[in-house]
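S.K.:
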Amino acid sequence: MRRKTKFLYFWATVVVTVLALKPTPSGAQTHSDTQTVDIQELVRTRCATDPRNTYLEWSGSVYAFVPQEQQRKLFSIIDMSVARCFQNQQGQWLLTSRELQYYLDPETNQVLNRWQNPWTGEVVPVVHVANNPVQNNLGQGRFPALAAGRNLILLTLDVPLTYPNVLASDPKFKDYSSEPLYQAGEFFKFVVPKARVEQPHVPTVLNVSGTWNRIGPWLPWMKMKGKPGQLVYSASIRKLQRFEELSSLLQQEIKSRVPVYRTAPTCYLAASSKTSWTYFHEYFDNYLAGDQFPISETQSNQPCQQ
């Protein structure tokens, strides 16, 4: 049985700053009076205050940074997250979601199912991200906001991640991920119309865009065998209202291989958030067998949290 580990993921330890930027004639930024914004603004930006499905799609690049080597682009990426938000009896907002990310050939933008490691020469299966679920308690109350009178609001979310590496204690994962701690960081910026801020009758904010950056260790499936270095991700985000608005690649993959990712869970699940490390642990035998990822997933029977 897979050892359960409590993970801090995605929204955990979120540091939130809300800024509306107004350039001065000199090009510098100034910030006017300090305010606070209700947590509902994060909810309405990220998902919705009613239980509808909302979608984020982001695309960009993944770069390898190795000490004393020229940086290199390893992959293009395309990702999606389908989410719902709920408010519990204590007034806290809960987010539940499912997330897919595909690693693409940086030249052709075609989905990679096999990848030749440029440092070892070994060809390995590509384990695309298939995290079901990703969820967190967003909390309640208000957080600081700085407004400067323009028509856009920028929500900045910094997510430092440090927790025990689920693969480190098993010798069979030595070549894949042997560090005792998983250490990474995810950094989000959401741009929203200022006119939509604190309009509680509007369940979800439209016209949301932004960026996602991440710094983290080599992915286990890359089989880097302890080589020093890290990955840097850079992507642009857009918020969508319907499944049919996703890119054709994501729609086709979901329909054909992982239809469960078409919708978010209908409740906050009694389950730990999935990560690429726990997924690799769970499907390591499939990886060794050279199976295609993500593994087909047609339904999810995870129970709701009571």
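Numbering (this note's numbering), first residue to last: 74 to 379. Even glycine gets a Cβ: it sits at the ideal position worked out from N, Cα and C.
Could you give the C-beta distance for Val333 and Pro367, rounded to a whole number, given that I count them as a contact under 8 Å?
M.R.: About 10 Å; that fails the 8 Å criterion.
S.K.: Per DSSP, Arg187 forms a beta bridge with which residues?
M.R.: According to DSSP, Arg187 bridges with Pro198.
S.K.: Just curious, the beta strand (DSSP E) that Arg157 is in, first and last residue?
M.R.: It spans Arg145 to Gln160 - the beta strand (DSSP E) in which Arg157 sits, taken as one unbroken run.
S.K.: Please determine, among Arg215, Tyr136 and Gln213, the residue with the shortest C-alpha to C-alpha distance to Asp178.
M.R.: Nearest C-alpha to Asp178: Tyr136.
S.K.: Check this for me: beta carbons of Arg171 and Pro124, under 8 Å apart or not?
M.R.: Cβ distance not < 8 Å, so Arg171 and Pro124 don't count as in contact.
S.K.: Please classify Pro198 as buried or exposed, where buried requires at least 16 other C-beta atoms within 10 Å of its C-beta.
M.R.: Label assigned to Pro198: buried.
S.K.: Going by CA-CA distance only, name the one from Gly164, Asn209, Leu185 and Glu318 that's closest to Ser149.
M.R.: For the residues Gly164, Asn209, Leu185 and Glu318, the minimum Cα distance to Ser149 belongs to Leu185.
S.K.: If you reduce the DSSP assignment to three classes, tell me which class Tyr306 lands in.
M.R.: It is a strand residue.
S.K.: For the region 302-362, list the beta strand (DSSP E) runs that are entirely contained and at least 3 residues long, ordered along the chain.
M.R.: Entirely contained in the region 302-362, the beta strand (DSSP E) runs reaching 3 residues are, in chain order, 303-313.
S.K.: Would a C-beta distance cut-off of 8 Å place Val207 and Ser369 closer than the cut-off?
M.R.: No. Outside cutoff.
S.K.: Taking C-alpha atoms, which residue in Leu313, Ser321 and Thr339 lies nearest to Asn182?
M.R.: Minimum Cα distance to Asn182 is reached at Ser321.
S.K.: When the Cβ atoms of the region 295-303 are set against those of the region 260-274, are three or more pairs found closer than 8 Å?
M.R.: These segments do not touch.
S.K.: DSSP three-state label for Glu130, please.
M.R.: Strand.
S.K.: Within the same chain, show all residues whose beta-carbon is closer than 7 Å to that of Ser251, passing over the 5 residues directly before and after it, in chain order.
M.R.: So the qualifying residues of the chain are Ala241 and Gly299.
S.K.: DSSP state of Glu370, grouped into three classes?
M.R.: It is coil, neither helix nor strand.
S.K.: Any contact of the region 350-367 with the region 223-232, i.e. 3+ C-beta pairs under 8 Å?
M.R.: Contact fails: fewer than three Cβ-Cβ distances are below 8 Å.
S.K.: Near Gln372, what residues of its chain come up, given a Cβ to Cβ distance below 7 Å and the 5 sequence neighbours on each side ignored?
M.R.: Hits under 7 Å: Val333.
S.K.: With DSSP as the reference, please indicate the residues paired to Cys377 in a beta bridge.
M.R.: Leu342.
S.K.: Does the region 115-133 touch the region 306-319, meaning 3 or more C-beta pairs lie closer than 8 Å?
M.R.: Output reads yes: the region 115-133 touches the region 306-319.
S.K.: If you count every other CB in all the chains shown that lies within 10 Å of the CB of Pro293, and 16 or more means buried, which is it?
M.R.: By the 10 Å Cβ count, Pro293 comes out buried.
S.K.: Mind checking who Pro266 pairs with in its DSSP beta bridge?
M.R.: Answer is Leu225, bridged to Pro266.
S.K.: Taking DSSP as the reference, what is the three-state secondary structure of Val278?
M.R.: It is coil, neither helix nor strand.
S.K.: Going along the chain, which residues of its own chain have a beta-carbon closer than 7 Å to the beta-carbon of Gly133, five neighbours each way excluded?
M.R.: Ile150, Tyr306, Ser307, Ala308 and Ser309.
S.K.: Excluding the 5 residues flanking Gly289 on each side, which residues of the same chain have their C-beta closer than 7 Å to its C-beta?
M.R.: Answer for Gly289: Ala257, Gln303 and Leu304, listed in chain order.
S.K.: Can you say whether Pro338 is buried or exposed, counting buried as having 16 or more other CB atoms within 10 angstroms of its CB?
M.R.: Pro338 should be labelled buried.
S.K.: Give the straight-line distance between the Cα atoms of Leu173 and Glu326, rounded to the nearest whole angstrom.
M.R.: Cα-Cα distance, rounded: 10 Å.
S.K.: Candidates Asn359, Gln113, Tyr341 and Arg117: which alpha carbon is nearest Leu279's?
M.R.: That would be Arg117, whose Cα lies nearest to the Cα of Leu279.
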